[in-house]
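In this note's numbering, the protein residues as written are 131 to 214. Input: a single structure, listed below in structure tokens.
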């Protein structure tokens with residue numbers, strides 16, 4: 131099930147390429163400050179590292195949620211607290 135969910139997530143993620151994600155003004159202001167303080171290469175490396183971790187968490191959350199939804203559909207019931 132996890133492999134199937136991962137395939138679906140990867141297709142969704144690929145469909146989002148080129149889309150502008152807006153994470154809010156605070157995010158943009160924070161990164162601008164970082165770029166002002168550090169040289170561009172170091173700031174870019176840090177931003178890429180942070181974003182990579184965010185995408186890993188997003189992928190794991192998607193897979194867990196998708197797997198739980200499939201389980202609920204196949205069992206015909208929802209288990210309260212069962213998604214933990």
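Here a beta-carbon is modelled for each residue, glycine too, at the ideal position from N, C-alpha and C.
Please tell me whether residue 139 and residue 192 are closer than 7 Å, where the distance is taken between their beta carbons. Locating residue 139 in the chain shown gives position 9, counting from the first residue. Locating residue 192 in the chain shown gives position 62, counting from the first residue. In this structure, the beta-carbon distance from residue 139 to residue 192 falls below 7 Å.
Mapping the DSSP letters down to three states, classify residue 207 as helix, strand or coil. Counting from 1 along the chain shown, the entry for residue 207 is found at position 77. The answer is coil: DSSP assigns residue 207 none of H, G, I, E or B.
Does the separation of the CB atoms of residue 202 and residue 208 fall below 7 Å? Position 72 of the chain shown, counting from 1, holds the residue named residue 202. Position 78 of the chain shown, counting from 1, holds the residue named residue 208. Cβ distance < 7 Å, so residue 202 and residue 208 count as in contact.
By the three-class DSSP mapping on this structure, what secondary structure does residue 153 have? In the chain shown, the residue the question calls residue 153 occupies position 23. Residue 153 falls in the coil class under three-state DSSP.
For the putative contact between residue 132 and residue 197, defined by C-beta atoms under 8 Å, what is the C-beta separation to the nearest angstrom? For the purposes of this step, residue 132 is taken as the residue at position 2 of the chain shown. For the purposes of this step, residue 197 is taken as the residue at position 67 of the chain shown. Their Cβ separation, rounded to whole angstroms, is 6 Å, which keeps residue 132 and residue 197 in contact under 8 Å.
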